[in-house]
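What follows is a set of notes on a single structure, which appears directly below.
Numbering (our numbering), first residue to last: 10 to 133.
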């Protein structure tokens with residue numbers, strides 16, 4: 010299994026911090042600041058998991074997820090919404106998507122590790 014984690018995030022300081030954290034816990038980060046570019050990359054070189062910011066432009070994280078699941082028919086790729094918004098968990102529960110989770114910003118190393126390991130085998 011690939012250890013690539015795609016982080017779709019338009020905030021450069023968060024990308025920089027997550028690059029360090031993901032490497033520290035044994036994953037290979039793929040940092041994508043452009044949501045449209047992220048969709049193209051998923052098709053050509055799918056990661057093991059996507060960490061997805063919700064508040065982005067020109068497409069938000071919900072729209073990205075909808076396009077990924079329906080238009081691209083990629084339903085079994087784990088996606089963890091990476092957000093500071095406390096209200097997303099209710100919406101996620103309604104979606105009944107077994108490959109969808111949430112991590113609240115800011116995230117600690119233990120929280121990040123646990124969130125990733127929920128969907129992925131531990132890196133060796």
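Note that the Cβ used here is the ideal one computed from N, Cα and C, for glycine as well.
All values derive from a computational prediction rather than experimental measurement.
Taking the straight line between their C-alpha atoms, what separation do you get for residue i and residue j?
{"i": "residue 80", "j": "residue 73", "result": "10 Å"}
{"i": "residue 17", "j": "residue 104", "result": "21 Å"}
{"i": "residue 78", "j": "residue 114", "result": "24 Å"}
{"i": "residue 26", "j": "residue 49", "result": "24 Å"}
{"i": "residue 82", "j": "residue 76", "result": "8 Å"}
{"i": "residue 98", "j": "residue 68", "result": "20 Å"}
Within 10 angstroms of its Cβ, does residue i collect 16 or more other Cβ (buried), or is it exposed?
{"i": "residue 35", "result": "exposed"}
{"i": "residue 122", "result": "buried"}
{"i": "residue 59", "result": "buried"}
{"i": "residue 57", "result": "buried"}
{"i": "residue 62", "result": "buried"}
{"i": "residue 14", "result": "buried"}
{"i": "residue 93", "result": "exposed"}
So what's residue i in DSSP terms, helix, strand or just coil?
{"i": "residue 116", "result": "coil"}
{"i": "residue 86", "result": "coil"}
{"i": "residue 109", "result": "strand"}
{"i": "residue 122", "result": "helix"}
Which whole-angstrom value is the C-beta distance of residue i and residue j, which I expect to be below 8 Å?
{"i": "residue 44", "j": "residue 64", "result": "Incorrect: roughly 11 Å between the Cβ atoms, too far for contact."}
{"i": "residue 124", "j": "residue 112", "result": "5 Å"}
- Starting from the N-terminal side, write out each stretch of the beta strand (DSSP E) that is 3 residues or longer and does not extend beyond the stretch 53 to 83. 58 to 61
- Unbroken stretches of the beta strand (DSSP E), 3 residues or longer, contained in the stretch 12 to 39: 13 to 17
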